[in-house]
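Let me begin by presenting the structure, written as structure tokens, before commenting on it.
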Amino acid sequence: MTDVRNKLNQLRTNQGISLSKLSRQLEDEYDISVSPSQLNYYEKGERSPRNQKVWESLAKIFDVSVAELLNIKEDVPPYPYETYTPREEKIWIEYNQRGINKTGISFDTYLILQKKGLDISNIIEKIIEPNIENVKALYDLLNDENFKENLELQQEAYTVIEKHLSDPKKFKKLALHIVHHPSFMIYLKGLIDFDKEDCTNEADLLINYLLLDEVDKKIAFDLIQKLSDRNT
């Protein structure tokens, strides 16, 4: 059965890569021997490679998922939080399309791993088709002391901020702004602790600012700037 859906020609053309160059790249980087003429058949949908690693390797070369390369439209659930960056959305799509959502790895954990620049793609590929050695490797990573300590700090910060606000609606709104920014959560927790020691309210000032809409934030910032200029 021919496949006319793949986007190989589009991706290759956009990057100015010839069939010959792509053939050499597959050979040099992935030890996969595919002639330029074979690649031509694949991108036209006239033939399909028997070796699935051909599609996987091509997807890596063009930095897309196999589903995107093959132009397969998959239903991706809505992003789990109301606010997100384009990068977070891309990670969410990858999380679902690569089947990572079926491995038992939570999205929040996967998101943190990606933001920390930890490459576990080889491990994940094996977990989707379970292999005890690679499952153990992922287990070791998730139980790494530095990684665990970082997660514990984030959880502690989350709990302190939630308790400090005491208003569920305010906390829910604030969480949408900070839940994907672990370092900021930890910073805000430190500011709350500082206020308790020095009887100040700097954390509340920052929190109230974050809860404003964009228009009110600009008004507040301009006012603070004017007051600051007047006192310097």
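Heads up: the sequence shown begins at 739 in our numbering, then just goes up one per residue.
Every residue, glycine too, gets a C-beta built ideally from N, C-alpha and C.
The model shown is predicted, which means the values in this text are computed figures rather than measured ones.
Whole runs of the alpha helix (DSSP H) within the region 919–954, excluding any shorter than 4 residues
When DSSP assignments are scanned along the region 919–954, the uninterrupted stretches of alpha helix (DSSP H) that are 4 or more residues long and fall wholly within it turn out to be 920–936 and 940–948.
Quick check: what's the CA-CA separation for Tyr768 versus Ser795?
7 Å
Alpha carbon of Tyr817 to alpha carbon of Val802, nearest angstrom:
19 Å
Closer than 8 Å by C-beta to Ile829: which residues in its own chain qualify, once you throw out the five before and the five after it? Chain order, please.
Tyr848, Leu849 and Gln852
Would the beta-carbon of Ile755 fall within 9 Å of that of Leu764?
no
Using the Cα positions of Arg788 and Glu900, report the straight-line distance between them to the nearest angstrom.
54 Å
I need the boundaries of the alpha helix (DSSP H) containing Val792, first residue and last residue.
Lys791 to Ile799
Should Pro815 go down as buried or exposed, given a rule of 16 or more other Cβ atoms within 10 Å for buried?
Counting of Cβ neighbours within 10 angstroms places Pro815 among the exposed residues, the total staying below 16.
Report the three-state DSSP secondary structure of Pro906 (helix, strand or coil).
helix
Give a yes or no on whether 9 Å exceeds the smallest Cβ distance from Asp931 to chain D.
The question asks about chain D, but that chain is absent: this structure has only one protein chain.
Do the CB positions of Leu914 and Tyr819 come within less than 9 Å of each other?
yes
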